[in-house]
Every structure is written in structure tokens, then in C-alpha cells.
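A short write-up of the structure that comes next.
Residue numbers (the working numbering): 31 to 252.
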């Protein structure tokens with residue numbers, strides 16, 4: 031089995047199966063990723079979406095785009111879904127490319143979703159649209175979100191706060207606020223800085239559901 035990294039202590043399991051026992055193809059079929067950077071090919075919008083599911087029908091593609099809140103933008107293009115996006119998707123804003131990435135993931139329909147700073151560089155209105163699409167996408171799926179914007183993870187079942195590579199707190203939003211620790215301080219700081227945008231020096235807050243977990247957290251390398 032081939033993965034980018036393997037744990038050196040403990041294990042990572044999906045439904046009780048060690049991911050080291052899964053092939054790369056099997057593992058990638060289970061996991062969909064929406065990251066901060068979306069790569070678009072110099073092809074039509076339709077083919078960029080169909081990349082996620084080669085046998086997708088036009089109806090499935092449009093339904094995914096509607097769910098991702100990007101259909102209206104695509105429909106307004108000169109040739110609609112047949113418009114060539116240009117190198118690296120220059121026709122689209124950052125938020126629009128994010129929503130295309132979400133539509134791709136909706137088409138793939140993976141049981142596990144990883145959101146890696148998916149809204150970190152968006153303005154407030156665009157973040158709202160993208161977050162609505164992410165909320166739709168996350169329904170009924172195991173979702174792991176990595177974020178500095180704490181507003182994107184406050185409704186998570188479990189929040190894991192990392193500081194310099196170490197887990198310093200775990201719990202729900204309410205539990206962590208009540209604990210008065212690192213997370214609580216960050217929430218207070220976010221409130222104070224809301225008018226000026228996020229602070230790039232915040233530690234990560236990650237969501238970890240029960241059915242994708244580490245049996246043992248390895249100590250970080252020193």
C-alpha cells in the first residue's frame with residue numbers, strides 16, 4: 031500500500047481497518063479533499079467537473095454545481111458549462127474556484143471529507159457562500175476540517191487544538207470555551223480582530239470524528 035506518510039507509532043483506522051492495509055486507490059476513493067488551492071485544467075468547465083467522476087451525466091454535473099452554489103456563475107459564462115476556463119482557471123475568482131472544487135467533491139461523493147483551510151483566504155461574503163456549500167457537502171459524512179478561522183469549526187462534534195505541532199486541548203466549542211484555555215483565548219482574540227481579518231499566527235484547530243481516529247498520538251519529532 032502506498033500513502034504519502036505512514037504513522038510511526040499507533041495506527042490510523044477507518045471503520046476498524048488500518049489504512050496501511052488499504053491500497054492507495056482504495057484509500058483515495060474513500061477520502062475527498064477540498065484545499066485552499068484549487069487546480070483547474072485548461073479545459074471546459076464541464077470537463078473540469080467531470081474529472082472527479084468521468085462517467086457523470088450532464089444532469090449530475092449541473093446538480094453538483096447547484097449544490098455548491100456555483101451554477102449561476104457557470105451559466106452566465108459565454109458558453110456556459112462548455113466555456114474553457116483558461117490556464118489555472120483565470121476566469122474565476124478564488125471563491126468561485128473553491129466552489130468548483132466543492133462541486134467536484136460532491137460528484138465524487140466520498141464517505142470521508144477533509145477540508146484543509148478551505149475558506150482561509152476568502153472575503154466575508156465569499157466565505158459565507160463557500161461555507162454554505164461546505165455545510166451541504168458535509169451532511170452525512172465524516173468530516174475533518176483544518177482551519178485557523180475558528181468560526182468554521184465551532185459546530186464540530188470535536189475540536190482538537192494544535193500548538194507548535196502538539197495537541198493542547200480537545201473538546202466541543204462549549205467545553206473549550208468553559209475551560210478558559212488556548213482555544214478560549216483564540217476565540218476572544220478573533221472577536222477583537224473581527225474587523226481587521228484573521229491572525230495568521232494562530233494554531234490550527236482540527237475536527238476529528240470518532241470513526242477516523244488515531245489509536246495513539248505519536249510524540250512530535252524534536
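No residue lacks a Cβ here, since even glycine has one placed at the ideal position from N, Cα and C.
All of these numbers come straight from a predicted model, not from anything done at the bench.
Three-way DSSP call (helix, strand, coil) for residue i in this model
i           : result
residue 175 : strand
residue 196 : strand
residue 183 : coil
residue 204 : helix
residue 110 : helix
residue 15  : The structure shown has nothing for residue 15, since the chain only spans 31 to 252.
residue 51  : helix
residue 191 : strand
residue 96  : helix
residue 115 : coil
residue 88  : helix
residue 121 : coil
residue 70  : coil
residue 209 : helix
Residue environment, residue i, which counts as buried when at least 16 other CB atoms sit within 10 Å
i           : result
residue 75  : buried
residue 178 : buried
residue 115 : buried
residue 68  : buried
residue 218 : exposed
residue 196 : exposed
residue 25  : The question about residue 25 has no answer here: the residues shown for the chain are numbered 31 through 252.
residue 50  : exposed
residue 160 : buried
residue 111 : buried
Endpoints, beta strand (DSSP E) assigned at residue i
i           : result
residue 146 : 142 to 146
residue 44  : 42 to 44
residue 65  : 61 to 65
Range of the contiguous alpha helix (DSSP H) that encloses residue i
i           : result
residue 135 : 124 to 138
residue 156 : 154 to 168
residue 222 : 212 to 222
residue 37  : Neither: residue 37 is in no alpha helix (DSSP H) and is coded neither H nor E.
residue 105 : 101 to 105
message: Closer than 8 Å is the cut-off here; do at least three beta carbon pairs connect the region 169 to 179 with the region 108 to 120?
response: no
message: Would you call the region 142 to 150 in contact with the region 80 to 97, where contact means no fewer than 3 C-beta pairs closer than 8 Å?
response: no
- prompt: Does the region 127 to 134 come close enough to the region 176 to 191 that 3 or more CB-CB pairs lie under 8 Å?
  reply: no
message: Across the region 131 to 139 and the region 97 to 113, are there enough close Cβ pairs to call them in contact, namely three or more that are closer than 8 Å?
response: At 8 Å Cβ cutoff, the stretches touch.
message: Taking 8 Å as the cut-off, does the region 54 to 61 touch the region 31 to 46 (at least 3 CB pairs, one atom from each stretch)?
response: yes
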